[in-house]
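Take a look at the structure set out below.
Number of protein chains: 2
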Amino acid sequence: MIRTIEWTDDGVVMIDQRLLPTEEVYNTYRSVEEVAEAIETMVIRGAPAIGVAAAMGIALGVANLASKENVEENFAAIALRIQKTRPTARNLFWAIERMEKVFQKVQDRSLEEIQSAMTTEAVTIHREDIEINRKIGEHGQQLLSDKMTLLTHCNAGALATAGYGTALGVVRAAVENGKKIQVFANETRPFLQGSRLTAWEMMKEDIPCTLITDNMAGYFMQLNQIQVVVVGADRIARNGDVANKIGTYTVAVLAREHQIPFYVAAPLSTIDLDTPTGEGIPIEQRNIQEVTEIKGQVIAPASVSVANPAFDVTPNRLVSAIITEKGVATDPYGESIPALFEK
Amino acid sequence: MIRTIEWTDDGVVMIDQRLLPTEEVYNTYRSVEEVAEAIETMVIRGAPAIGVAAAMGIALGVANLASKENVEENFAAIALRIQKTRPTARNLFWAIERMEKVFQKVQDRSLEEIQSAMTTEAVTIHREDIEINRKIGEHGQQLLSDKMTLLTHCNAGALATAGYGTALGVVRAAVENGKKIQVFANETRPFLQGSRLTAWEMMKEDIPCTLITDNMAGYFMQLNQIQVVVVGADRIARNGDVANKIGTYTVAVLAREHQIPFYVAAPLSTIDLDTPTGEGIPIEQRNIQEVTEIKGQVIAPASVSVANPAFDVTPNRLVSAIITEKGVATDPYGESIPALFEK
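Order-wise, the sequence lines are chains A and B.
The first sequence: position 139 = 139 (our numbering), numbered continuously.
Add 1000 to the 1-based position in the second sequence for our numbering, that's all there is to it.
Next up, the structure:
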């Protein structure tokens, strides 16, 4: 069992994902500021995991309040600090909204009761995320056949969630159902979530996994060695446009070219009904050193001009289905996605 | 002026491309074995540069012969050593064939005359390669408009040739003709020829260049920030299928999706009239450590399964034109390519 993030009496414990796979280091984060920095620096990443960390960061901030004085302003400042960490993942804002709702309900009670309610909600979000992932896995695995080889991009696994994973949850559920699944993992430059995290997760569970660089996926599709693509998502617009790790769009174009199904696995908390299309999704531009250096080793000329968009948007026409805990949505997404929220 | 490879009285001098861009180290290679290893370990790479190195390696091997005894067997062994270095680049075999032809013509003369003829031929191949690149550049630059932004993959520059370059020769010629060209350089995992070599070449000549990871090209095409793609080639089949650095096929699929022209710039020595289609082109599978380590830093779990095909094949239907020193070939390539050899 991979422990991504946990609430403890000492604070929020997270595995430092930047050090994987060579080191497994668990650190304790004891303030909202420490959790916010952990999200910003990608100690923890993956939309659902960011949502859990956001909730726990807020609970921690409230738990650290010494008195009830200005509790509303203090709560707002805590939530704002978390809100500013990263712009793209919908789950971050979804988790903040959930914590806000609970706060509004209990803010007139004693500080201790407020703190307890916040902690309870954060721990609930954590627990529910694992349950949701298992449901996504169960729905998704029905789309996979025995002996399929599946390509995934980035890490939408246990490390990207409270546990089990979304895209890799689909893989795990298929394997639990006796299907022999082979995985191709795109290494996912620049941050290498595929080589460092997905390959590591798959090896931990003895699921056959072949690591490739991002530009090799087309080659293996040409050879008919990939039958299906499953990825996670950072934010899904109301019309089914999918923001996910940079490079996902390219995988979707390649999948369409080879008539391979392209599935997105994500909880409803990743879906943003208030954003009509992908054009409205903010794309984070990250530090260029993620591109020009790897583990401190310089791999590009000094002062070269670099772009580093962290996400791209796959238009709904390239998405074969969106797998959620409430079932599988397909085209027309403008109808099927809102319908999921009615279930 | 970037000096990729040169024949000197001491031996063959090459810049060690593995150390770029952080170190500019020129080494002297004094035997056919040393040159062969330099090709295998990618001290020198790029199909035309490999061709020049192959010719010089053979000339060096013959120059090192102490007597004329068994000269035919010795020449065959020298040529075979070079032939076994890398399988995909057509120019390697083309250069060997040129050296063989000269050898056959002079093998009855004195050892000194044979050695002199071999050296002359190798130096001629070197000189001609630069002239050919300039002609490719002149033909290719006519396809580019002022203020275009061009995407290239891998390095088909001065470092991939005797000088000037094929794809980057087209860029250089356009700039020399007063066109303002911006370049996007795919970093080109796993060996990073884009970030280490192409970005370095462009910066040396103050040609605006933005470095991106390979999986970002689709994002910038979506934003209409790329108007044309120009790449080199390692081997072109008679029907116009193009083997080039892994990831080229993906770029071609993306270019088609966005209705962006996809041009291949290469000398006739890269075209293999004896290979009817891309299916007949051998694809080199290289050491997996190129994927799992960068400059000695481990970026993947130990003993993970890894694939490392060094090239892929872009089918002719995705190729808008092939730019050669004899002119520009377009569909139907089965007619236009053989016609180039008649000119």
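Glycine included, every Cβ here is placed at the ideal spot set by N, Cα and C.
Would the beta-carbon of residue i fall within 7 angstroms of that of residue j?
i: A/A95; j: A/A55; result: yes
i: A/M99; j: A/E121; result: yes
i: A/A156; j: A/L168; result: yes
i: A/L65; j: A/V32; result: no
i: A/N224; j: A/D234; result: no
i: B/E1290; j: B/T1088; result: no
i: B/I1236; j: B/V1229; result: no
i: B/T1004; j: B/A1036; result: no
i: A/I337; j: A/G240; result: yes
i: B/A1158; j: B/G1165; result: yes
i: B/K1068; j: B/L1111; result: yes
i: A/M202; j: A/V183; result: yes
i: B/A1162; j: B/D1206; result: no
i: B/D1214; j: A/D214; result: yes
i: A/A160; j: A/G57; result: no
i: B/T1149; j: B/T1248; result: no
i: A/P8; j: A/E40; result: With the sequence shown as reference, residue 8 of chain A is identified as Thr, and Pro is not the correct amino acid for it. Cβ distance not < 7 angstroms, so A/T8 and A/E40 don't count as in contact.
Please report how far the alpha carbon of residue i lies from the alpha carbon of residue j, in whole angstroms.
i: B/G1344; j: B/Y1219; result: Chain B is shown from 1001 up to 1343; residue 1344 of chain B falls before or after that span and cannot be answered.
i: A/T210; j: B/A1339; result: 43 angstroms
i: A/T292; j: B/R1189; result: 13 angstroms
i: B/T1275; j: B/G1137; result: 26 angstroms
i: A/R238; j: A/F262; result: 18 angstroms
i: B/A1063; j: B/I1078; result: 11 angstroms
i: A/M216; j: B/P1309; result: 8 angstroms
i: B/M1118; j: B/K1105; result: 11 angstroms
i: A/V264; j: A/E176; result: 20 angstroms
i: B/G1051; j: B/K1101; result: 15 angstroms
i: B/S1305; j: A/I294; result: 21 angstroms
i: B/D1010; j: B/R1030; result: 7 angstroms
i: A/P332; j: A/S320; result: 11 angstroms
i: A/H258; j: A/L318; result: 12 angstroms
i: A/G334; j: A/N316; result: 10 angstroms
i: B/T1277; j: A/M221; result: 18 angstroms
i: A/V326; j: A/N133; result: Sequence check: residue 326 of chain A is Lys here, not Val. The alpha-carbon atoms of A/K326 and A/N133 are separated by roughly 11 angstroms.
i: A/L144; j: B/G1280; result: 33 angstroms
i: A/F191; j: A/P301; result: 19 angstroms
i: B/E1072; j: B/E1034; result: 21 angstroms
i: B/G1296; j: A/I299; result: 12 angstroms
i: A/K135; j: A/E97; result: 23 angstroms
i: B/E1006; j: B/I1044; result: 12 angstroms
i: A/I125; j: B/R1256; result: 44 angstroms
i: A/P282; j: B/H1139; result: 42 angstroms
i: B/N1287; j: A/P208; result: 20 angstroms
i: B/E1024; j: B/I1002; result: 11 angstroms
i: A/I114; j: A/D146; result: 50 angstroms
i: A/Q83; j: A/S303; result: 31 angstroms
Just to make sure I have the definition right: I need the residues of chain A whose C-beta is within less than 9 angstroms of the C-beta of residue i. Which are they?
i: B/L1192; result: I299 and A300
i: B/D1312; result: N215, M216, G218, Y219 and Q222
Using a Cβ cut-off of 7 angstroms, pull out every chain B residue sitting near residue i, in sequence order please.
i: A/M216; result: I1246, A1307 and P1309
i: A/I371; result: Residue 371 of chain A is absent from the structure shown; chain A starts at 1 and stops at 343.
i: A/T22; result: V1298
List the whole-angstrom C-beta distance separating residue i from residue j, where the pair is believed to meet the contact cut-off of C-beta under 8 angstroms.
i: B/I1260; j: B/I1226; result: 6 angstroms
i: A/V231; j: A/V253; result: At roughly 13 angstroms, the Cβ-Cβ gap does not stay under 8 angstroms, so A/V231 and A/V253 are not in contact.
i: B/V1170; j: B/I1323; result: 7 angstroms
i: A/M42; j: A/R18; result: 6 angstroms
i: A/R90; j: A/D312; result: Between A/D312 and A/R90 the Cβ distance is about 15 angstroms, and since that is not below 8 angstroms, they are no contact.
i: B/F1103; j: B/F1075; result: 5 angstroms
i: B/A1307; j: A/I212; result: 5 angstroms
So which residues of chain A does residue i contact, with C-beta pairs closer than 7 angstroms?
i: B/L1168; result: Those within 7 angstroms of B/L1168 in chain A number zero; the least Cβ separation is about 15 angstroms.
i: B/M1203; result: P301 and V304
i: B/E1257; result: V253
Mind listing the chain B neighbours of residue i? Cutoff is C-beta to C-beta under 9 angstroms, in chain order.
i: A/R86; result: In chain order: nothing, as chain B lies at least about 18 angstroms away.
Could you list which residues in chain B have their beta carbon closer than 8 angstroms to that of residue i, in chain order?
i: A/A199; result: A1300, P1301 and V1304
i: A/V291; result: E1187, S1195, L1211, I1212 and T1213
i: A/I281; result: Result: empty, since nearest Cβ-Cβ is about 13 angstroms, beyond 8 angstroms.
Give the interface partners of residue i over in chain A, defined as CB-CB distance under 8 angstroms, in chain order.
i: B/Y1249; result: G218, Y219 and Q222
Self-check item: contact_flag[the region 265 to 274 of chain A, the region 1013 to 1031 of chain B] where n(CB pairs < 8 angstroms) is 3 or more
Solution: no
Quiz item: Okay, do the region 1197 to 1217 of chain B and the region 1145 to 1154 of chain B touch, 3+ Cβ pairs below 8 angstroms being the bar?
Solution: yes
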